[in-house]
Each structure stands twice: as structure tokens, then as C-alpha cells.
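Each remark here refers to the structure printed beneath this line.
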Amino acid sequence: MKALRLHGPKTLRLDDVEEPQIEPDEVLIRVEYAGVCGSDLHVYRGAMRNRVKYPAIPGHEFSGVVARVGSRVTWLSEGDRVVVNSVVPCGRCVTCAAGRPNICTNFKILGVDLPGAFAEYVKIRGDRVYRIPEGLSLREAALAEPFSVALHACRRANIEIGDTVVVIGQGPIGLCVTQAAKHYGAEKVIALEILGNRLELSKRVGADFAINPREVDPVKAVRELTNGIGADKVIEASGAPGGSRPSAGHA
Ligand SMILES: [Zn+2]
Ligand SMILES: [Zn+2]
């Protein structure tokens, strides 16, 4: 099969490689769509060169169709349209045993520790695989992983119907947060972003107000839009040190 492999920092090549052989608890997925995550760029630039074993196949945000099913994976069939949770916990450590695999101390990430999705086929443990509903296209489903981050953030922020929510940063995650906040019932979503094209996008995906903090004082603008009260919830999605500092000022 064809796979996009990283042979060292900033050295990508399209190679012919063996198709992955699955274990009884794994499935083989034919990749249909794959997104490029910020962490793929970190891997590409060599930020994880002590962890990544070259040649490595990056990619963990993807959708695909099940091509082969291990004998112990009884809940999936060939032809299922799927997405995955790209973090594979060990299932044996203390935190896994305590029912908290999300903080497993030995987890492996697809596209970092395991061969990833920038290939025709990728294999992963069956318990990481989720079928997608009929009405969802594989193209849309490729965004399941970043969108799940946004849904989780909104759930943690306890966004309620009628809330005013400030979302700092409108990169891929911030744009997902803007949509998720509206989905959770936010009445007003105020998006903050310094790049013009992303500000435009934020309005297209549902932001009620889009503010460029380089042009206006964002804290003052949020106060004006909320009759001086401030926002009910603030979600920081810029990842920039300057993004989180004024967060408290909006609330
Ligand atoms: Zn990602
Ligand atoms: Zn574990």
C-alpha cells in the first residue's frame, strides 16, 4: 500500500509499504479522509523526535471503512463506516484498572507511537473504533476527533441554554467550539480571533459576533455586547499565552 512516511524531521516521502497485519483484537480500516492536526505538524517538524520511531506514518484524524476484522472483534463488520479514538490505553495500569483509561500512564497515540492514517490502510484495536450514523458523510466524519475536543470543552464548561460564551481563538478547534457552543444552546457566541479569514469563517459557522482583539479592546467589546455584565462562559482555544491571560476579564 501507499503510505506517507516521515524519515526524519521535515522529511516526508510517499512509500510503498506492507499492509498492516491485524491481531485478533484489531481491525484494519481503509482510510477515506484524513485531516492534518497541529500535532502532526509538531511531529513533522521533529518536536517528538525522541518518541517517534522513523520511518513513521503520521495522522490520527480520519474516517474510513472497515476492511478486515479480528476474530475477537464481534461488534464490527467489513464495510462499516467508522472513526476512531486515536488514543490507545494499555488496559493494565492502575488508572486503566480504576476505569480511567483517559489518563492511562502507558497510552499510545496513533500517528505518534503507532503507524497512523496517512496511508491507504491503518490498523487499530477494535475497542477504539466507532461506527458513524447514516446521515454523516465520511468527509464530515474525518473531523470527529477535533470536534470531540470541542464537545468535551463545552460539556466541561457546562454551557447552558441562553448563555453568552466567549471563544478565544478561531483555529480549527476554536471553530469547532463555536459550533458546539451553539449546539449546546448558547444564545450569543462571541468569537475572538486575530486572523481575518478565520474571523470570517467563525461567522459562517455560527458566531454571533466576531471580534479582532488587535483592532478593538476585547474586554471592553464583550462588556458592551453583554450590557456590562460580561460573558457566562469563556473557552480558551487559541493555545497562545496571550489568549488565556485576558480570559478572566471577559467573564
Ligand atoms: Zn488531533
Ligand atoms: Zn493504562
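Take 1 as the starting number for the sequence shown in UniProt numbering and just add one per residue. Quick reminder that beta carbons are idealized off the backbone N, C-alpha and C, glycines included. Since this is a predicted model, take the numbers as computed values, not measurements.
Item: Once DSSP output is grouped into helix, strand and coil, what is the label at Phe107?; Value: coil
Item: Which same chain residues, not among the five before or five after Lys10, have their C-beta less than 8 Å away from its C-beta?; Value: Tyr44, Arg45, Gly46
Item: Rounded to the nearest angstrom, what separates Glu23 and His60 at their Cα positions?; Value: 20 Å
Item: Since Ala210 sits in a beta bridge, which residues does DSSP pair it with?; Value: Ala191
Item: Over the uninterrupted alpha helix (DSSP H) stretch that includes Thr74, give me the two end residues.; Value: Unbroken run through Thr74: none, as it is neither H nor E.
Item: Which residues in the same chain as Glu224 place their Cβ atom closer than 8 Å to its Cβ, once the five residues preceding and following it in sequence are excluded?; Value: none
Item: The beta strand (DSSP E) with Glu26 in it runs from where to where?; Value: 26-35
Item: Report the option in Val88, Ala180, Asn106 whose CA atom is closest to the CA atom of Asp25.; Value: Val88
Item: Cutting at 8 Å between CB atoms, please list the residues of its own chain near Leu76, excluding the five before and the five after it.; Value: Val27, Val66, Val69, Val82, Gly126, Val129, Arg131
Item: By the DSSP assignment, the beta strand (DSSP E) with Gly228 in it spans what residues?; Value: Premise fails: Gly228 is in no beta strand (DSSP E) and is neither H nor E.
Item: Please report the distance separating the alpha-carbon of Ser187 from that of Val205.; Value: Ser is not the amino acid found at residue 187; the sequence shown has Glu there. Looking at the two C-alpha atoms, the distance is approximately 14 Å.
Item: Taking the DSSP output, what are the residues bridged to Ile235?; Value: Val167
Item: In the DSSP assignment, the beta strand (DSSP E) including Lys123 goes from what residue to what residue?; Value: 121-125
Item: Please report the Cβ distance between Gly196 and Ser238, rounded to the nearest whole angstrom; I am assuming they are in contact, meaning their Cβ atoms lie under 8 Å.; Value: About 15 Å; that fails the 8 Å criterion.
Item: Helix, strand or coil for Tyr44, going by three-state DSSP, please let me know.; Value: helix
Item: Whole angstroms is fine: what's the gap from Lys203's alpha carbon to Phe209's?; Value: 7 Å
Item: Could you compute how far the alpha carbon of Ser86 sits from the alpha carbon of His152?; Value: 16 Å
Item: Which one of Val167, Thr178, Val177 has the shortest CA to CA distance from Ala231?; Value: Val167
Item: Determine the DSSP secondary structure at Val222, reduced to helix, strand or coil.; Value: helix
Item: Is Gln170 buried or exposed, if buried means 16 or more other CB atoms sit within 10 Å of its CB?; Value: buried
Item: Rounded to a whole number of angstroms, what is the C-alpha to C-alpha distance between Glu236 and Gly64?; Value: 31 Å
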